[in-house]
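Using the numbering used here, the first residue of the sequence shown is number 1, and each one after it goes up by one. Notes to accompany the following structure.
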Amino acid sequence: MKGKFIVFEGIDGSGKTTQINQLSKWLISNHLIPENNQLVITREPGGTELGQSIRSLLLDTSRDKNKSPDSITELLLYAADRSQHVNEIIRPTLNKGDWVISDRFCGSTLAYQGYGRKLDIKLIKNLETIATQGISPDITFLLDIPVEESIKRRMNRKDDRIEKEGREFLLNVSLGFQALSMDSKWKKISAINSKETIISEIQSEIKKLLKNK
Ligand code: T5A
Numbered sequence: 001m002k003g004k005f006i007v008f009e010g011i012d013g014s015g016k017t018t019q020i021n022q023l024s025k026w027l028i029s030n031h032l033i034p035e036n037n038q039l040v041i042t043r044e045p046g047g048t049e050l051g052q053s054i055r056s057l058l059l060d061t062s063r064d065k066n067k068s069p070d071s072i073t074e075l076l077l078y079a080a081d082r083s084q085h086v087n088e089i090i091r092p093t094l095n096k097g098d099w100v101i102s103d104r105f106c107g108s109t110l111a112y113q114g115y116g117r118k119l120d121i122k123l124i125k126n127l128e129t130i131a132t133q134g135i136s137p138d139i140t141f142l143l144d145i146p147v148e149e150s151i152k153r154r155m156n157r158k159d160d161r162i163e164k165e166g167r168e169f170l171l172n173v174s175l176g177f178q179a180l181s182m183d184s185k186w187k188k189i190s191a192i193n194s195k196e197t198i199i200s201e202i203q204s205e206i207k208k209l210l211k212n213k
C-alpha cells in the first residue's frame, strides 16, 4: 500500500468526528499529504452507497425489537459494509498513494460485537480477514472517554439502535477498546481533555509515524 491509513475508534460521542475534521485541516494546511495525492475521509458503517443502506438497517430504531437484526445478523452486516468499503474506497485510494482517515474500522466490531454482544472473538477475526483482505491501518487512535461522559455528550441527541443498548453494554465495549489499545499500532488518547490538547497529541503521533516511514 502506498498511502497512509489512519483510523479513529472510541465509544459513542468520544469526539472522533471533531478530531478527524481537525486532523484533516492540519494535514492539508501543513502539506503533509504528498504532492498530487489526496485525503479521503470516510466512515463505517456507511462509507459507500451500498454501505449507507446497510447503515440504515443496522442503526434504525423504528423496527420492533423482535424484527431488528439479531447479534449474528448484525455482525454479518458490519462485515458486509466493511468488505464493500475496503474494495470500493479504501484499497483503491491507498493504492493511488492517497491517504484515508476512517471513522471506525475493525476495532469497533471487536469492541461492540465481541466485548459488547459477547460474540466469539475468533469468529469476528475470521470475518475480519475475509472483509479486509489484508488491509490494516498504519495507526489507530482510541479516543478514550468514560461511559458517563459519553452519555452526557449525547444527552440532547436521539440514540441509534446500538446507543440504545445503554450503560452496561457501553462499559463492556469500553473494556474491549482498552484491551485492543495495547497493540503497538494503537494510540490511546485521553479524550476528556480540551479539543486543542487532543489534536496536538494526535499531531505528534502523526509526525512520529511520518518519521518512521
Ligand atoms: N458499530 C460500528 C458497531 O457496533 N460495530 C462496528 O463494527 C462498527 C463499525 C456507529 C454505531 O455503530 C456501532 C458503533 C456506533 O454505535 P457512529 O456514526 O460511528 O455510529 O456513531 P458515534 O460513534 O456515536 O458517532 P458520533 O458522531 O456520535 O461521535 P463522535 O464522532 O465520536 O463524536 P463527535 O465529534 O461528534 O462529538 C460528540 C459531541 O461531543 C463534543 C462535540 O462537540 C459533540 O457535541 N465534543 C467534546 N466535548 C468536550 N470536550 C471534547 N474534547 C469534545 N470533543 C467533542
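We put the beta carbon where it would ideally sit given N, CA and C, even for glycine. On a predicted model such as this, the values are computed, not experimentally measured, just so you know.
Check: residue i C-beta below 6 Å from any heavy atom of the ligand T5A
i: G13; result: yes
i: Y78; result: yes
i: K16; result: yes
i: T129; result: no
i: K195; result: yes
i: S108; result: yes
i: Y112; result: yes
i: I121; result: no
i: I162; result: yes
i: R63; result: no
i: E201; result: no
i: R117; result: no
i: R153; result: yes
i: E44; result: yes
i: R218; result: Residue 218 lies beyond the residue range present for the chain, which begins at 1 and ends at 213; the question has no answer from this structure.
CB contact flag (residue i, residue j, <7 Å)
i: G166; j: A111; result: no
i: R109; j: Y78; result: Reading the sequence as shown, one finds Thr at residue 109 and not Arg. Yes, Cβ-Cβ distance for T109 and Y78 is below 7 Å.
i: L119; j: K188; result: no
i: S174; j: V147; result: yes
i: A131; j: R82; result: yes
i: I199; j: Q22; result: yes
i: I135; j: I90; result: yes
i: K16; j: D103; result: yes
i: N156; j: Y115; result: no
Local Cβ density within 10 Å of residue i, reported as buried at 16 or more and exposed below that
i: P137; result: buried
i: K158; result: exposed
i: E44; result: buried
i: R63; result: exposed
Close beta carbons around residue i, own chain, < 6 Å, minus the five adjacent residues each side
i: G3; result: L94, G97, D98, W99
i: E101; result: In the sequence as displayed, the identity of residue 101 is Ile instead of Glu. Result list for I101: I6, I20, I41, in chain order.
i: C106; result: E128
Beta-carbon contacts of residue i that lie in its chain and below 8 Å, excluding the five residues immediately before and after
i: L209; result: K4, D138, I139
i: L75; result: T109, Q113, R117, L119, L123, I124, L127
7 Å Cβ shell around residue i - same chain, five flanking residues per side excluded
i: T18; result: K195
Can you confirm whether the region 67-80 touches the region 8-16 when touching is taken to mean that 3 or more C-beta pairs between the two stretches lie within less than 8 Å?
no
Under 8 Å: do the region 17-27 and the region 84-92 share three or more Cβ pairs, one atom per stretch?
no
Check whether the region 144-164 and the region 52-64 touch, using three or more Cβ-Cβ pairs below 8 Å as the test.
yes
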